Amino acid sequence: MRLEAINEFVIRFANVNGTGSASANNMFSKAVFRMGVPVSPKNIFPSNIQGLPTWFEVRVTESGYLGSRGDVDFVVAINGQTLRKDYDTLVPGGYFLYDSTKALPRGFERDDVIDIGIPLTQMCIDNYSNPRQRQLFKNIIYVGALAYLFNMEFEVLTNMVKEQFAKKEKLIPPNVGALELGYNYAKEHYPDTCGLSVSRRDNVGDAIMIDGNSATGLGAVYGGATVCGWYPITPSTSVVEGFEKYAKKYRIDEHGKNKFALLQSEDELSAIGMAIGANWMGARAFTATSGPGLSLMGEFLGLAYFAEIPVVLVDVQRSGPSTGMPTRTQQSDVLSAAYASHGDTKQVVLIPCDPADCFEMMAKAFDVADRLQTPVIVLSDLDLGMNDHMSRPFVWDDNREYDRGKVLNAEQLENMKERWGRYKDVDGDGIGYRTYPGTHPTKGAYFTRGSSHDDYAAYTEDSSVYEANMERLVLKWETAKDVAPHPQIKYRDKDSKIAAIFYGTSAQASYEALDGLEAEGIKINTCRIKSFPFHNDIGSFIQEHDQIFVIEQNRDGQMRSLLISEFNFGTNRMQSILNIDGMPIRARRIKRKIERMLNGEKVSPFTTAHSSVEGA
Amino acid sequence: MRLEAINEFVIRFANVNGTGSASANNMFSKAVFRMGVPVSPKNIFPSNIQGLPTWFEVRVTESGYLGSRGDVDFVVAINGQTLRKDYDTLVPGGYFLYDSTKALPRGFERDDVIDIGIPLTQMCIDNYSNPRQRQLFKNIIYVGALAYLFNMEFEVLTNMVKEQFAKKEKLIPPNVGALELGYNYAKEHYPDTCGLSVSRRDNVGDAIMIDGNSATGLGAVYGGATVCGWYPITPSTSVVEGFEKYAKKYRIDEHGKNKFALLQSEDELSAIGMAIGANWMGARAFTATSGPGLSLMGEFLGLAYFAEIPVVLVDVQRSGPSTGMPTRTQQSDVLSAAYASHGDTKQVVLIPCDPADCFEMMAKAFDVADRLQTPVIVLSDLDLGMNDHMSRPFVWDDNREYDRGKVLNAEQLENMKERWGRYKDVDGDGIGYRTYPGTHPTKGAYFTRGSSHDDYAAYTEDSSVYEANMERLVLKWETAKDVAPHPQIKYRDKDSKIAAIFYGTSAQASYEALDGLEAEGIKINTCRIKSFPFHNDIGSFIQEHDQIFVIEQNRDGQMRSLLISEFNFGTNRMQSILNIDGMPIRARRIKRKIERMLNGEKVSPFTTAHSSVEGA
Amino acid sequence: MSYLKSTFRHPESPKNKLGYTEAVYEGALSTLCAGCGHDSVSNSIIKACFELSLEPHKIAKMSGIGCSSKTPAYFLRSSHGFNSVHGRMPSVTTGANMANRDLTFIGISGDGDTASIGMGQFMHLVRRNLNMVYICMNNGVYGLTKGQDSATADIGSASKKGVPNMFEPMDLCELAISLGSGYVARSFSGDKSQLVPLIEGAIKHNGFALIDCISPCVTFNNNNASTKSYEWVRDHKEATGTFDLVPEEQEIVVQQPNQILETISLHDGSVLNLHRQPHSLDIQSRESVLSSLEEARQNEQMLTGLLYLNTDSRNTHELINSSEKPMNSFTKDELCPGSTILESINESLR
Amino acid sequence: MSYLKSTFRHPESPKNKLGYTEAVYEGALSTLCAGCGHDSVSNSIIKACFELSLEPHKIAKMSGIGCSSKTPAYFLRSSHGFNSVHGRMPSVTTGANMANRDLTFIGISGDGDTASIGMGQFMHLVRRNLNMVYICMNNGVYGLTKGQDSATADIGSASKKGVPNMFEPMDLCELAISLGSGYVARSFSGDKSQLVPLIEGAIKHNGFALIDCISPCVTFNNNNASTKSYEWVRDHKEATGTFDLVPEEQEIVVQQPNQILETISLHDGSVLNLHRQPHSLDIQSRESVLSSLEEARQNEQMLTGLLYLNTDSRNTHELINSSEKPMNSFTKDELCPGSTILESINESLR
Ligand SMILES: Cc1ncc(C[n+]2csc(CCOP(=O)(O)OP(=O)(O)O)c2C)c(N)n1
Ligand SMILES: Cc1ncc(C[n+]2csc(CCOP(=O)(O)OP(=O)(O)O)c2C)c(N)n1
Ligand code: SF4
Ligand code: SF4
Ligand SMILES: [Mg+2]
Ligand SMILES: [Mg+2]
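Pasting the structure below:
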């Protein structure tokens, strides 16, 4: 019994890191893509630079399911340290390609696995003299062998080699040679061995292959970001590297100078501080980090929330808590992002699920931040950020303008009749008008602060002024629900009472699983969340269903918690009585409030003079 | 119409800060207490050092209600800047004591207010030559006047002066003289004017008067804290000052050296880092901060959670967000404390409601932290921390031992048969055995880290090992529910379907409000939360009632959110499907999981191999 | 609570080149303690900006948290101000400066804000040579939190609390010099005649300019045992020389008649005339200044004045080759590569 | 993934006074890149602890995050280790040291960990003079995050990425000296004969001892344009003198025959014999060392060896007058004032 499949299988490469395997494995994956067959590669690497086990999993998926499937059909086992584990990983009927320079040790005797021994080390010794070449070409040789085994178009590979080394032509022949070595060895020793194959299709359309972080970086360029302060941390570093790469290409002025300012900061506090300062000054600025950095940015995120300064932060999540597993994925910063900072603070969060989303949401994040004058956290993860993904191509409408939100220019200030107040809600959406420093000689200057302030940005310790400001921020939060991207709701069956909710990188695998269930007659409606605060449609969607699976990648069901606490489902029995004016809560007011609530009156939960006219 | 009351009224002093008024006002308050009448003072001060308005409110409350009542019956208006506001504050029938050296301006013509003009400035000019004295004695004079107006025992005041200046005797006569000046002036000009009075009772029992922060500091001394790193921030500074004061008194060794190490750190990150390092080394250590500091400590709190290091953090909450109102109270760090740090992190929180609680919970916090090997956050607030409160006296049972939790000493290590693993759950409560550095020459050393680790503290990126560790932490969380202080549940009527939940400083005013409602026939059962994670009794309590008021001092109903999301009331319809092994979530596993859940099987939410045996 | 000062002034108040009186450069009424050194520093800033005829709206006032950090509310009411979070003014200012290099940035901090929680950001700010004036109102104590020692308190110095400081003090000037700052000065809030020209020079300097200004806290650290009290500073300060600044546009200056020993041109064409005095330093040699500082420390002297000057240094923008045009002024068309390029990017990813 | 090294050794491996072979001081197998300077530093630490006959369990190994900060797993397997968070090893070590002053604290950090995110904590650690050995494995680059410049990279130096650094470098030795550290050294991972005695001296020193150890990153910063490459360092380093340490208990030492110019007694009775060489420094004068460092910098020289020594300084415990007994050893009876005192406290509050 052997596995048989055309364009539908999972292959896993087991290598040692720092040996150049990732680029060979990528070449394999890209070749599949170039043959018109959808593919989904995942690099599973250790938190170290050289010498430890690393894996690379490629899912060949004609049907276009790009999430992780689970189970492994074919293993390329190049790493002695993990041989056993890699062997055990195979499903029955799977294939085990190993370096047969040395015989397999005892215990590798599964009779449901097809062994494919190729003496890679020996072939390298025989063909190359330089040790670095011996190491590098080993990888190319097995790619060549796979081309034979999977019956791939060899030319696709040789063309890729030619493209890659267009500028170092003399490297082309040895690489092609190595591919051929592998191809021929496999052809000679393993004809008709492999039941898996890759066959040309036209299933990728105009799709592109790119990692999410590069797409995010590109989105920042398109979104008009000019300032970025950042501090390196896996897996977010390549967001900034992507931004830098594209900015260096497309953002040079006529004097050869940069139309962007990129600074490596001394830590994450400084990185977010720079981004806040620049946004305050009217440039679009961002930073990118991962969990530990997010934790460090808490105080500054609270400042930006309360002083109402737009800022864009990309959090590429990795496995927590603490340092956790820095090179593994997770969706476990949901709560820390949504509630970042002490006090009554809530942050806007956008959640992309593929590179096109990364590009689009990153560009959009600046509009949302400027419109709402508040931080926007783009919540990606390692899987999305660091792996290549097949994706819709990027699109940009040249007529699209940047939405800089409510900003007064010199002329508007000049012509203004009423007294301007930075935090005055003149439009009823909770958002005031801001000014950039330097705009007008005498008008529009104000003092920005994280301490409490009135409509005119003046410091205040007056309870009711403080409270009115806090309530305005709640109103702004309502406004945000419509400004941030809306959820993607799909009905498989309008009458079905079963639903699933997911977000980000949990989406792809979820859709696939639900397609599978649908094939078995179970129709599950879906809601992909794209942002926090939650749009009201999500609330209605939840109300419409009786059994809802919330699918996510963390231990504590963080998004589910957030949904439950923001929507208060089934908890009407718990009513808040709140005091927020900075004074100790007062007995008389609690009593009056309860009396009115028991009477069934509709009253605000706040016990303070301002909102409930219940005495000082 | 004038207010008439014996031992039941609220008086508010309006002063300028930096003028010595707080100690005079305190003297008044303490005098009431010494007359056996319960009293509750609140200092309402600005975030500045000198020259701005400040208020001091004293509630005289024979019935013993120590929360804030609301409304003001008597104003002592010494601050010209706020005269108008202070005047307007008075309830009908109230009293307005002002400095009549200058006549009241126009607009102070309420006919429902009784004016009491005393020419304080003039009296000071007439009686004192030194400007500082003129300023200070102005306060003493009005205290003297109040003594007459409220018919207080004058001796109580003069005794207090004597006590206070026991070491500077020559200050006694002028102070007593100032009291007399005021007393006599009032007697002469305002006989029978005031319907409010203070009359000796025996209602304070063995109570003490102290601010919560000093009590917390004392609790740290009794709880055995030896190391403290801290950074000044209002309103937490006096926790450490309290610790220092008592430690300097009771913790000096036979060579005159300190049996404690107190370091002012360079910031909050350093402060919590020091506390973590010291606890790791086996000393009991703590730090204290307020909101902005809590935000800065996020990363370190995650480290302590994941590396399982006990540490005690006192967060004295103030009004947020950001810098907010640093000298005003609030309960708005509930979510940031409970979920501090990125990743799947949850923190143990203890919530005192009066000074005796502060003392007891602080001492207890070290036991809880040592037992659970995790951070414990003592969540106080400005009202509790910085105001004097009448309180049960402190108690300490000399037989009480410190619970240092599971720590192996040299002998235990020596005699150990099995292989010891720092994070091995041998007792089934999710808690391993730790060792202090330096314990045994060859056994018990391990490597502490915030990265993922196995039972033996070795670094791992193995999905199932990581996952098992994360699930053990969930088990430990279950254990925590019983280790942390249990809620205080009170039934006014077992059959009542109405309840209230509150915590910390919201308790006192809530009890009073509910007593008032009970007098009107409405019986509301109560649950005072003392800790997070929530004890199961809280869940049952909620289930028993149909309408529950959650009373708290923040905008977003943070405790209510926490209750809702931790208990999942009414949300059985939302089931989690979770992946936490660091690999992208897999379609096949989601599908199998949903199938089983739809079948009604009881399965773990985790899709990973480890917990659900559903393939690799 | 801040009250606007009455803007009434005698009609004949002198006006600067822009036609503004000094009052235009004032701010809200201070809420600091009467006698606080910080208020004097604010006045010197007002004076310097007035004398240099700066457009107030082309100045950004930046600060952290502390009594000192409140002062930007008390000067330059027509400038935008940003009172950020404790110790983090440097990063916020860096971002703001990156976004608009055309403004003048005046950063105000305290010794707690700079030398404790802000030490890391301060060091890196200097290292990047951000074009700004950084004034540390140094009182050796945490004023706003009521009197704890700061990291600039000298060994043995005691605040009102009475406990002598045990730890080595941070010398901000020494640090800034060793990190390559091109303009480093120390002064005293009480010495307006020295401080005003120092601020003017700092504003004109291209790159990071530090003024470590001793500014006594009358409430918590003005006692006998303190080395940051008015009295101690008056008794121990030692001016290293004086100078006056001749703005580029100005032609003739009437000044004190001290002999001009050296004339240094600044970036924008202004000129610094140095008047050396007996204790004068070679302010263009890092080595010599560092040893003079060490020596002064040993002799319990406090050197004041311009301590180090290097007009050659390149500021952050110059170092990272950023556009001359302020980042916040670019339009979408200048920033967005557009759909055609995007299509070619897509193509390269297939 | 770490593998235990085989502990098998030839039976005649030399033993130290405790009867331990050097193998006892080793750790798990390193997972760093082959040739990484950090591994050599680990070996020198092993050697120094072996030679000084330290009880491994009386040592605490502390670190932050980075390739360098991983090394404590690769030496001293019988010591407790703490790999904390990025840049914050100083505070964690301070707390640990406060809790048990009897242990030897060896802190390991990288240049990113120390000079960027950790700069604030580093400065304050020095200022408090915590009794510890602080080794910065300085490669001018962020190894673990794949090759960004660190704040110790020299101006003009370029890593594998090829872009020259523009910003002023942080000189940790200069900073430590100006903050009063009593033992400041610079060395090179490749020079074991210099490094081992420096580590030994640092361990014996009472107070904060810094070793800024240049330790090349072969993967990201060992190229031609880098001033932290093996080659550059070999070519530009200039030893300032050598010394040997005579532990208190030892009586006679056979050593290289250089002339002993100075003999300095350490805190515990050990003795440092300094052998001055042509380029030798006056290591007991702050002023002279600071100028030599400035001078060397101008000459593109890297001074190595013990740069500054002051045996008089008091460590943190001494400064805050804490008990001689480790804090973690006090029992409840020694700590808790008990109920009678509590009753008197209650009484005072009525
Ligand atoms: C994160 C944080 N920690 C602590 C504080 C409390 N705090 C406010 S000002 C200050 C110190 C101010 O000292 P300094 O900078 O010297 O200013 P000064 O008041 O002496 O002018 C502190 C610790 C804070 N606001 N934020
Ligand atoms: C808060 C935080 N930010 C960023 C990182 C990512 N990070 C890990 S190591 C490192 C730099 C290491 O550089 P260095 O200290 O020089 O050590 P090296 O690897 O060069 O030895 C960074 C930025 C982190 N772990 N934590
Ligand atoms: S406390 Fe000190 S620093 Fe603050 S305003 Fe008063 S005098 Fe100035
Ligand atoms: S990346 Fe550099 S620092 Fe890290 S282990 Fe490799 S050589 Fe060493
Ligand atoms: Mg200060
Ligand atoms: Mg490094």
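Residue numbers (the working numbering), protein chains in the order written: chain A, 239 to 854; chain B, 239 to 854; chain C, 15 to 364; chain D, 15 to 364.
Ideal Cβ placement from N, Cα and C applies to all residues, glycine included.
From a predicted model like this one, the values you see are computed outputs, not experimental measurements.
Original post:
Cβ of residue 241(D) within 7 Å of any heavy atom in ligand 3?
Top reply: Taking the fourth sequence and counting its residues from 1, the one referred to as residue 241(D) is at position 227. Taking 7 Å as the cut-off, one finds no heavy atom of ligand 3 near enough to the beta carbon of residue 241(D).
**OP:** Return the residues of the segment 284 to 314 of chain C that lie within a Cβ-Cβ distance of less than 8 Å from chain D, sorted by chain order.
**Re:** Residues 300, 301, 304, 305, 308, 309.
Original post:
Is residue 288(A) near ligand 4, in the sense that its beta carbon is under 7 Å from a heavy atom of that ligand?
Top reply: Counted from its first residue, the first sequence places residue 288(A) at position 50. The beta carbon of residue 288(A) sits closer than 7 Å to at least one heavy atom of ligand 4.
**OP:** Verify the CB distance criterion: does residue 435(A) have a CB-CB separation below 8 Å to chain B?
**Re:** Sequence index remark: in the first sequence, residue 435(A) carries index 197 (1-based). So no, residue 435(A) is outside the interface.
Original post:
Can we count residue 281(A) as close to ligand 1, meaning its CB is less than 7 Å from some heavy atom?
Top reply: The sequence position of residue 281(A) within the first sequence is 43, counting from 1. Answer for residue 281(A): no, Cβ out of range of ligand 1.
Original post:
By Cβ distance, which residues of its chain are closer than 6 Å to residue 140(D), with the 5 residues on each side in sequence left out?
Top reply: As a working note, residue 140(D) is residue 126 in the fourth sequence. Take residue 140(D), set aside five residues on each side of it, and the residues of its chain with a beta-carbon closer than 6 Å to its own are 190, 193, 195, 222, in chain order.
**OP:** Let me know the beta strand (DSSP E) ranges lying completely inside the segment 212 to 267 of chain C, each 3 residues or longer, listed in chain order.
**Re:** DSSP runs (the beta strand (DSSP E)) wholly in the segment 212 to 267 of chain C: 222 to 228, 251 to 253, 255 to 260.
Original post:
Is DSSP giving residue 330(B) helix, strand or coil here?
Top reply: For the purposes of this step, residue 330(B) is taken as the residue at position 92 of the second sequence. Residue 330(B): strand per DSSP, three-state reduction.
Subject >> Residues bridged to residue 303(B) [DSSP beta-bridge criterion] >> reply: In the second sequence, the residue the question calls residue 303(B) occupies position 65. Listed as beta-bridge partners of residue 303(B) by DSSP are no residues whatsoever.
Original post:
Looking at residue 14(C) and ligand 3, is the gap between the Cβ and the nearest heavy atom below 7 Å?
Top reply: In the structure as shown, chain C begins at 15 and stops at 364. Residue 14(C) is therefore absent and cannot be evaluated.
Original post:
Roughly how many angstroms lie between the CA atoms of residue 76(D) and residue 313(B), to the nearest whole one?
Top reply: Your numbering for residue 76(D) matches position 62 in the fourth sequence. Your numbering for residue 313(B) matches position 75 in the second sequence. The alpha-carbon separation between residue 76(D) and residue 313(B) amounts to approximately 59 Å.
Original post:
Taking Cβ-Cβ distances shorter than 7 Å, what residues in chain C pair up with residue 680(A)?
Top reply: What you label residue 680(A) is simply residue 442 of the first sequence in a count that begins at 1. Here the neighbours are 92.
Original post:
Nearest chain C C-beta to residue 429(A) closer than 8 Å, yes or no?
Top reply: By one-based count along the first sequence, residue 429(A) stands at place 191. Judged by the 8 Å Cβ criterion, residue 429(A) is not in contact with chain C.
Original post:
Where does residue 468(B) sit, in a helix, a strand or coil, going by DSSP?
Top reply: Here residue 468(B) is taken as the residue at index 230 of the second sequence, counted from 1. The three-state reading of DSSP puts residue 468(B) in strand, counting E and B together.
Original post:
By Cβ distance, which residues of its chain are closer than 8 Å to residue 271(D), with the 5 residues on each side in sequence left out?
Top reply: Translated into the one-based positions of the fourth sequence, residue 271(D) becomes position 257. Residue confidence is low: residue 271(D) scores 49 on pLDDT, short of 50, so the model does not pin down where it sits. Its coordinate-derived value is still stated next. Answer for residue 271(D): no residue qualifies.
Original post:
Which of the three DSSP states, helix, strand or coil, is assigned to residue 483(A)?
Top reply: Your numbering for residue 483(A) matches position 245 in the first sequence. Helix.
Original post:
Anyone know if the C-beta pair for residue 213(C) and residue 62(C) falls short of 8 Å?
Top reply: As a position in the third sequence, residue 213(C) is number 199, starting the count at 1. As a position in the third sequence, residue 62(C) is number 48, starting the count at 1. With contacts defined as CB atoms closer than 8 Å, residue 213(C) and residue 62(C) qualify as a contacting pair.
Original post:
Is the shortest distance between the beta-carbon of residue 365(C) and the beta-carbons of chain D less than 8 Å?
Top reply: Within the shown structure, residues of chain C are numbered from 15 to 364, placing residue 365(C) beyond reach of any answer.
Original post:
For residue 765(A), which of helix, strand or coil comes out of DSSP?
Top reply: Counted from its first residue, the first sequence places residue 765(A) at position 527. Correct three-state label for residue 765(A): strand.
Original post:
Terminal residues of the continuous alpha helix (DSSP H) containing residue 412(A)?
Top reply: Residue numbering aside, residue 412(A) sits at position 174 when the first sequence is read from its first letter. Segment 410 to 427, the alpha helix (DSSP H) holding residue 412(A).
Subject >> 8 Å Cβ cutoff met for residue 127(C) and residue 83(C) >> reply: By 1-based counting over the third sequence, the position of residue 127(C) is 113. By 1-based counting over the third sequence, the position of residue 83(C) is 69. Yes, Cβ-Cβ distance for residue 127(C) and residue 83(C) is below 8 Å.
Subject >> DSSP three-state assignment for residue 538(B), whether helix, strand or coil >> reply: Residue numbering aside, residue 538(B) sits at position 300 when the second sequence is read from its first letter. Helix.
Original post:
Which value, in whole angstroms, describes the spacing of the CA atoms of residue 855(A) and residue 348(A)?
Top reply: Nothing about residue 855(A) can be read from this structure; chain A reaches only from 239 to 854.
Original post:
Mind pulling the chain A residues with CB within less than 7 Å of residue 392(D)?
Top reply: Only positions 15 to 364 of chain D appear in this structure, which leaves residue 392(D) out of reach.
Original post:
Just to confirm, does residue 158(C) get its C-beta within under 7 Å of one of the non-hydrogen atoms of ligand 3?
Top reply: Here residue 158(C) is taken as the residue at index 144 of the third sequence, counted from 1. Because some heavy atom of ligand 3 lies under 7 Å away, the Cβ of residue 158(C) counts as near it: yes.
**OP:** Just the chain A side, please: which residues come within less than 8 Å of residue 107(C) by C-beta, in chain order?
**Re:** Along the third sequence, read from residue 1 onward, the residue named residue 107(C) stands at position 93. Per Cβ cutoff of 8 Å: 515.
**OP:** Return the CA-CA distance between residue 394(B) and residue 421(B), expressed in angstroms with no decimal places.
**Re:** As a first step, residue 394(B) must be located in the second sequence, where it is residue number 156. As a first step, residue 421(B) must be located in the second sequence, where it is residue number 183. Those two C-alpha atoms are separated by around 13 Å.
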